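Residue numbers (the working numbering): 1 to 78.
This report refers to the structure that appears directly beneath it.
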């Protein structure tokens with residue numbers, strides 16, 4: 001495990017401390033989890049961008065043409 005020295009604005013530090021307390025975790029665990037969530041979101045965004053580049057409108061339309069044109073069940077309507 002690594003150690004990092006991090007400077008935070010007082011307001012951000014206090015908010016993180018309060019949220020960690022409410023979540024019953026240490027501020028270190030709270031910040032590590034928040035960082036992990038942010039990293040995951042960024043990596044997912046990059047993956048989806050790369051995946052979208054490989055997409056094909058023609059293949060999409062071909063797949064959609066196989067979907068039955070029927071009304072949804074009552075429980076499935078918005």
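Every residue, glycine too, gets a C-beta built ideally from N, C-alpha and C.
Since we're looking at a predicted model, the values are computed, not measured.
Rounded distance between the beta-carbons of residue j and residue i, thought under 8 Å
i	j	result
residue 34	residue 27	Residue 34 to residue 27, Cβ: 10 Å. No contact.
Environment of residue i [buried if 16+ CB atoms lie within 10 Å]
i	result
residue 31	buried
Limits of the alpha helix (DSSP H) - the one that residue i falls within
i	result
residue 63	57-65
residue 19	10-22
residue 32	27-53
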